[in-house]
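For the sequence shown, numbering that gives the first Met the number 0 begins at 0 and goes up steadily by one. For each residue, glycine too, the CB sits at the ideal point set by N, CA and C. Following: one structure in structure tokens, then a few remarks.
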Amino acid sequence: MTLRLFFHSDDLKANVEVLDCTPYENEFAVVLRATLFHPQGGGQPWDTGWIGESQVLRVVQDPDRIIHFVDHPVKLGMTLIRVDEQRRRFNTRMHSAGHLIGHFVQAMGWMPTKAHHWPDEGRVQFKPGDSAQEVDAQTIQYGITQWIAHDLPRLTSLREGAREIGFGELPAYGCGGTHVRSLKDLGTVTIASLSQKKGALSVHYSVD
0 MTLRLFFHSD DLKANVEVLD CTPYENEFAV VLRATLFHPQ GGGQPWDTGW IGESQVLRVV
60 QDPDRIIHFV DHPVKLGMTL IRVDEQRRRF NTRMHSAGHL IGHFVQAMGW MPTKAHHWPD
120 EGRVQFKPGD SAQEVDAQTI QYGITQWIAH DLPRLTSLRE GAREIGFGEL PAYGCGGTHV
180 RSLKDLGTVT IASLSQKKGA LSVHYSVD
């Protein structure tokens, strides 16, 4: 099983061991003993970057391993991996912003059901709870802006072996994604619109 270094580290470079490199169509599938690369999943896109001098094109979760697809073969043994900083930081900010929206709207009686933290497609979906209140974009915008202004720190914990992420006094969510160290790292989060269909609420958002 691939060790997920990004669970407990914000580093973007590491020396790791290449266990396998197999040709796959026009690419090469690489398995590392440990990785800083986040695979696609949990609503977050995959990281890109480099394994040695080979460019990482996409990263996927296999049942037991994380597989990195690269443009050139990689030698087995120890090598330097580097995560593309700009892409990682944007994806991280999108994911953390989605959590804040989830917290705020859940406090108004709506239960989060699904989230999509992709560029130009950011949205969090909810179903109404028994005490669901009327929600509008301006109210959500004001609430999360206040949390960002207070610069709540990220808190990582384990519950029954599962990783949870929280910010300050906000409740923690079970999550395998990457997140900002504290909320001021989010920059500007904009609630673009709200939509409802068949009782489900979708909150659409972006980060600058």
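Check: Inter-residue Cα distance where the pair is Gln43 and Thr91; Outcome: 8 Å
Check: Every unbroken beta strand (DSSP E) within the stretch 156-203, with a cutoff of 3 residues, ordered by chain; Outcome: 161-166, 188-196
Check: Three-state class that DSSP yields for Trp146 in the structure shown; Outcome: helix
Check: Per-residue DSSP class, three states only, for Val73; Outcome: coil
Check: Spatial distance of Ala199 from Val17 (CA atoms); Outcome: 45 Å
Check: Backbone secondary structure at Glu133 - three-state DSSP; Outcome: coil
Check: Buried or exposed by the 16-neighbour rule on C-beta atoms within 10 Å, applied to His7; Outcome: exposed
Check: Cα-Cα separation, Thr138 to Gly41; Outcome: 26 Å
Check: Which listed residue (Asn25, Arg57, Gly186, Gly97) has its alpha carbon closest to that of Val123; Outcome: Gly97
Check: Nearest-angstrom Cα separation, counted from Val55 out to Ala114; Outcome: 25 Å
Check: Assigned secondary structure, Leu18 (DSSP; H/G/I helix, E/B strand, else coil); Outcome: strand
Check: Paired residues, beta bridge with Val58 - DSSP; Outcome: His67
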